[in-house]
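Participant: In the working numbering, the protein residues as written are 23 to 209. Note that beta-carbon positions come from the ideal geometry of N, C-alpha and C, so glycine has one too.
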């Protein structure tokens, strides 16, 4: 499945990604969750990521919805209580997916959920303990809040977006990430 996904990215062809989705589903089905919860959840994570890439490449939001379902399944195993770092990483990926889905749909539900997911991930990815991971998640929260503000005109979401970008710029600047700082300053 990983080789098929790499082939699809290299050739910018969604067909191998569709095959990779089938392979990851087969892996997840072959691993009984009760016996192999971590491996099963990892298969769900990889399935979700592959469906997300397929949705981006093929331009079909239904793949985003399926990816969300796979991430939600993985989050039943990778909980904040049991696996906080993995949970925060997965929540960040889930938030990125929800932001992309929200940009394809009318309404604000997916964008609101993305903002909430990123906020929760920041409870684990704290600036004082993991500054670069905090900055990554803060940028994603800023993007989701900005998309939400564009959709509903919410000034609070726009202010949150600006604060997230400003905080991330500070962290990236302190860590010598000049190119990232330049990109974020444009945002």
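At what residue ranges does the segment 131 to 181 contain a whole run of the beta strand (DSSP E), taking only runs of 3 or more?
Facilitator: Complete beta strand (DSSP E) runs here, min 3: none at all.
Participant: Under three-state DSSP, which class holds residue 66?
Facilitator: Correct three-state label for residue 66: helix.
Participant: Roughly how many angstroms separate the alpha carbons of residue 115 and residue 61, rounded to a whole number?
Facilitator: Rounded to the nearest angstrom, the two C-alpha atoms are 18 Å apart.
Participant: If distances are taken between C-alpha atoms only, which option among 189, 168, 187 comes closest to residue 179?
Facilitator: Comparing Cα-Cα distances from residue 179 to each of 189, 168, 187, the minimum goes to 168.
Participant: Quick check: the Cα distance between residue 188 and residue 138, rounded to an integer number of angstroms?
Facilitator: Rounded to the nearest angstrom, the two C-alpha atoms are 19 Å apart.
Participant: Would the segment 102 to 114 count as touching the segment 123 to 137 if we require 3 or more Cβ pairs under 8 Å?
Facilitator: The segment 102 to 114 is not in contact with the segment 123 to 137.
Participant: With a cut-off of 8 Å on the beta carbons, I'd call residue 40 and residue 76 a contact; round off their distance for me.
Facilitator: Right, their Cβ atoms sit about 6 Å apart.
Participant: If you check the beta carbons only, do residue 23 and residue 72 fall under 8 Å apart?
Facilitator: Yes; because the gap between Cβ atoms is below 8 Å, this pair is in contact.
Participant: For a test of the three-state rule: what should DSSP assign to residue 74, helix, strand or coil?
Facilitator: Helix, per DSSP.
Participant: Suppose the cutoff is 8 Å on Cβ atoms and the five residues either side in sequence are ignored; what does the same chain contact list for residue 34 look like?
Facilitator: Counting only Cβ-Cβ distances below 8 Å, and skipping sequence neighbours, we find 79.
Participant: Does the distance from the CB of residue 65 to the CB of residue 49 come in under 8 Å?
Facilitator: Yes, the pair counts as a contact, with Cβ atoms nearer than the cut-off.
Participant: What does the alpha-carbon distance come out to for the pair residue 25 and residue 94?
Facilitator: Cα-Cα distance, rounded: 24 Å.
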